[in-house]
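See below for the structure under consideration.
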Amino acid sequence: MYTHVWNKYLPIIRILLKKSAKEAQSLSFNVSDFEKIGPQKKTGFNFSLEFNKGRVSNMAGLSGPAKELLAVLTQDTVVKQLLHVGEYHLTMNAKFVLGIQQLNSFAEETQLSVEMEAVA
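Oh and the sequence shown: position 96 is 95 in numbering that gives the first Met the number 0, straight run, nothing missing.
Following this line, the structure appears as structure tokens:
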């Protein structure tokens, strides 16, 4: 149902995933893209996806839109590579804003390893 919406925004999501290494990113969706599909029950369009080295750590209880976003993201080779490198947190709120945050960027990991070597 929502796959075509996620595919429409996939190029932008891909760019924001890359930019999230520097700072948290957000993407405001066109509300009508979601509402014309139909209302979402209980959880609405709120969800959270937590990726750790390419795996989703909170798979249980994901809503339909979240599962379809997950499917679209994992089918894209560039996004899949990005997700395998680090830890990402994607959240969608009731105002149809997708937040993208990379919790451990490659630069931070490199800095940590340099600091650890300096101490040793």
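Quick reminder that beta carbons are idealized off the backbone N, C-alpha and C, glycines included.
Model, not experiment: these values are computed from the prediction.
Annotated three-state conformation of Tyr87 is strand, per DSSP. A residue is called buried once 16 or more other Cβ atoms fall within 10 Å of its Cβ, and Val4 is buried on that count. Residue range Thr2 to Lys18 is occupied by the alpha helix (DSSP H) that includes Leu9.
For the 9 angstroms CB-CB criterion, His88 and Glu34 do not form a contact. Beta-carbon to beta-carbon, Asn51 and Glu86 are separated by about 5 angstroms, close enough to satisfy the 8 angstroms threshold. Per DSSP, the continuous beta strand (DSSP E) segment holding Gly98 begins and ends at Val96 to Gln101.
Contact fails between the region 96-104 and the region 54-62, because fewer than three Cβ pairs, one in each stretch, are under 8 angstroms apart.
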